[in-house]
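K.L.:
I am attaching a structure below and will ask some questions about it afterwards.
Residue numbers (my numbering): 22 to 208.
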């Protein structure tokens, strides 16, 4: 049996907000800024990032005993500087369904769905915040004019966080009542 799937995903996330509040309201129940006398705060910000991804997966099963799987994913994120936006991640795995072997035929009534599994994969993480690859500044009032305050020193070399995982597993059912699964993970 052969199964193959490929796909594409993309999204754009954008938020905008404006915040302001005043005190010494003429009407205490009002939510209008124009009813206040003293401006306590006025600010706003916008955030925008995009993600583009391509992925594929394949699985091959031979005689309902041996299975091989492979996955690949290429993710592009606007959270990184040009040249660092794309991360490539994948995994491979294999399983042996030992209960379908001839030497297990005498035990099929009480040991079922027995599999020995091994897999290795690499995952990526881009949850670092927005625009951290470039210097960021806050705008302030300096004697009635515009002033810029350095808020963050950007790092144009930021790139995807990568994590590798290995999984070795054994699973089987005893009769129709007990399912057993052992897994060893190394990350």
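Ideal placement from N, C-alpha and C gives every residue a C-beta, glycine not left out.
Quick caveat: nothing in here was measured; it's all calculated off a predicted structure.
Alpha carbon to alpha carbon, how far is residue 164 from residue 37? Give it in angstroms, no decimals.
P.N.:
28 Å
K.L.:
Count Cβ pairs between the region 136 to 143 and the region 108 to 116 that sit closer than 8 Å; are there 3 or more?
P.N.:
Touching, yes.
K.L.:
Report the residue from 191, 198, 179 and 204 whose alpha carbon sits nearest the alpha carbon of residue 101.
P.N.:
179
K.L.:
Measuring alpha carbon to alpha carbon, tell me which of 162, 182 and 156 ends up nearest residue 172.
P.N.:
Closest option to residue 172, Cα to Cα, is 156.
K.L.:
Measure how close the beta-carbons of residue 79 and residue 39 come, nearest whole angstrom, since I'm counting them as under 8 Å.
P.N.:
About 49 Å; that fails the 8 Å criterion.
K.L.:
Taking the alpha-carbon positions, what's the residue 148 to residue 49 distance?
P.N.:
42 Å
K.L.:
Using CA coordinates, which residue listed in 77, 125 and 159 is at the minimum distance from residue 29?
P.N.:
The shortest CA-to-CA distance from residue 29 to any of 77, 125 and 159 is the one to 77.
K.L.:
Out of curiosity, what's the CA-to-CA distance linking residue 81 and residue 88?
P.N.:
6 Å
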